[in-house]
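**Student:** The following block contains the structure, expressed as structure tokens.
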Amino acid sequence: VSMSIIKGITLEEEMKKNPQLKLSDIQSLREWCKKQPHLPKIEDNFLALFLHRNCYQMEPTKNTIESYYTTRTHLPEIFCNRNPLEEKGLQQIFKVVAFLPLNGLTKDGYSMVFSTLLDSDPSFFDSNNCGKYSMMLCDIHLLTNGTNDGYIFIVDVSKLSFGHVMRMNPLAMKKCLYYFQEAIPIRLKAIHILNATPAMELCINIAKPFMKNELIDIIRFHSLESISEYIPVDALPNEIGGKAGSVHKLAEIEVQKLEDNRQWFLLDESTRRVNEALRIDKSKRANDLYSIEGNFKKLDID
């Protein structure tokens, strides 16, 4: 079944954008994929994303492909039941949190993604649905925009309270961070946290054991004044001090994108997963991911 329900970016467009992207590398990856019977069929524009994330190095690219499809198969709480028109939990989270790709670029040429809580009541917050929503938007964004030089995340945590942190499941957090660090085909350049609260510090402390130093090192805390050195503040929603429009209206546009692409999510779930029964090298079998369950019992959370 063809996945090109949305008009995704093509390999030709990617090659125009990235002179380092060689057809011979795509062909080598295609050959390698054929020898991995457990992997699903992977489109060329996705192979380009994986190569780009790994600065066009072949072995790290293969590892990312392996991690990407394996994680998405073994994380049902994030990557299953993604029909935005039917899942009640998703429909609720759409009203609680916003994830917005912002217009424009930073002075370094990076794309910006902004997130914030829309509703400060923790009883409506669900960390799995929050992760699911953000990954759905990420999927559609990557499919339609393809590669870029890097991403900057801007997270407004002014509405985050201890009630939210108490509803975060550390095991789910660990799994999401694994996907985020090992599998997602983007180059993450910085995470800017705006309006930090004591609850945010607690949240970071819970997540820290699951974070590599490279991720910890790119987290910065800001006021609106200090963040203006890094990003064009006008690109932010009005409520935060920018000029991009109301955060609720912008959030509705993103939800609409998910609803419009509902068919893609259904197909993704039925066709873009690994088949463990066909995996030749059993040692790779979601090892890191499965060990998450075991390791977790040994981790002390301060």
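Under UniProt numbering, the first residue of the sequence shown is numbered 1, with each subsequent residue one higher.
Beta carbons: idealized from backbone N, C-alpha and C, even for Gly.
Would you say leucine 90 and tyrosine 151 are within 8 Å of each other, going by their C-beta atoms?
**Tutor:** Sequence index remark: in the sequence shown, residue 90 carries index 90 (1-based). Sequence index remark: in the sequence shown, residue 151 carries index 151 (1-based). Their beta carbons are not under 8 Å apart, which means leucine 90 does not touch tyrosine 151 by this criterion.
**Student:** Quick one, are the C-beta atoms of glycine 109 and proline 232 less than 8 Å apart?
**Tutor:** Position 109 of the sequence shown, counted from the start, is the residue given in the question as residue 109. Position 232 of the sequence shown, counted from the start, is the residue given in the question as residue 232. Cβ distance not < 8 Å, so glycine 109 and proline 232 don't count as in contact.
**Student:** Is the separation between the beta-carbon of leucine 194 and that of valine 155 shorter than 8 Å?
**Tutor:** If you number the sequence shown from 1, residue 194 lands on position 194. If you number the sequence shown from 1, residue 155 lands on position 155. Yes.
**Student:** Kindly indicate which three-state DSSP category threonine 116 falls into: helix, strand or coil?
**Tutor:** Position 116 of the sequence shown holds residue 116. Of the three classes helix, strand and coil, the one that applies to threonine 116 here is strand, per DSSP.
**Student:** Using the beta-carbon count (16 or more within 10 Å), is proline 19 buried or exposed?
**Tutor:** Position 19 of the sequence shown, counted from the start, is the residue given in the question as residue 19. Looking at its Cβ environment, which holds fewer than 16 other Cβ atoms inside 10 Å, proline 19 is exposed.
**Student:** Return yes when the Cβ of proline 37 is within less than 8 Å of the Cβ of leucine 278, no when it is not.
**Tutor:** Position 278 of the sequence shown, counting from 1, holds the residue named residue 278. Position 37 of the sequence shown, counting from 1, holds the residue named residue 37. Contact flag set, yes.
**Student:** Determine the burial state of proline 76: buried for a count of at least 16 other Cβ atoms within 10 Å of its Cβ, exposed for fewer.
**Tutor:** Here residue 76 refers to the residue found at position 76 when the sequence shown is read from its first residue. Exposed, because fewer than 16 other Cβ atoms sit within 10 Å of the Cβ of proline 76.
**Student:** Decide yes or no for the touch test of the segment 170-182 against the segment 233-251: beta carbon pairs closer than 8 Å, at least 3 of them.
**Tutor:** no
**Student:** If you draw a straight line from the C-alpha of glutamate 182 to the C-alpha of asparagine 128, how long is it?
**Tutor:** Mapped onto the sequence shown, residue 182 falls at position 182. Mapped onto the sequence shown, residue 128 falls at position 128. Approximately 19 Å, taken between the alpha carbons.
**Student:** Measure the Cβ-Cβ separation of glycine 8 and threonine 144 and say whether it is below 8 Å.
**Tutor:** Residue numbering aside, residue 8 sits at position 8 when the sequence shown is read from its first letter. Residue numbering aside, residue 144 sits at position 144 when the sequence shown is read from its first letter. Yes, the pair counts as a contact, with Cβ atoms nearer than the cut-off.
**Student:** Does the segment 203-220 come close enough to the segment 73-88 that 3 or more CB-CB pairs lie under 8 Å?
**Tutor:** The segment 73-88 is not in contact with the segment 203-220.
**Student:** State yes or no: is the beta carbon of tyrosine 56 nearer than 8 Å to at least one beta carbon in chain B?
**Tutor:** Structure shown: chain B not included; a single protein chain is present.
**Student:** Can you tell me whether isoleucine 280 is buried or exposed? The criterion is at least 16 other CB atoms within 10 Å of its CB, across all chains shown.
**Tutor:** Locating residue 280 in the sequence shown gives position 280, where the first residue counts as 1. Isoleucine 280 should be labelled exposed.
**Student:** If distances are taken between C-alpha atoms only, which option among His52, Tyr133, Gly163, Asn83 comes closest to proline 122?
**Tutor:** Position 122 of the sequence shown, counting from 1, holds the residue named residue 122. Among His52, Tyr133, Gly163, Asn83, the Cα nearest to that of proline 122 belongs to Gly163.
**Student:** Going by CA-CA distance only, name the one from Arg272, Leu236, Lys282, Glu14 that's closest to phenylalanine 99.
**Tutor:** The sequence position of residue 99 within the sequence shown is 99, counting from 1. Measuring from the Cα of phenylalanine 99, the nearest candidate turns out to be Leu236.
**Student:** Give me, in chain order, the residues of the same chain whose beta-carbon lies closer than 6 Å to that of threonine 116; leave out the 5 immediate sequence neighbours on both sides.
**Tutor:** Taking the first residue of the sequence shown as position 1, residue 116 is located at position 116. Ala98, Asp156.
**Student:** When the distance is taken between beta carbons, is leucine 47 closer than 8 Å to residue 304?
**Tutor:** For residue 304 there is no data in the structure shown, the boundaries of the chain being 1 and 302.
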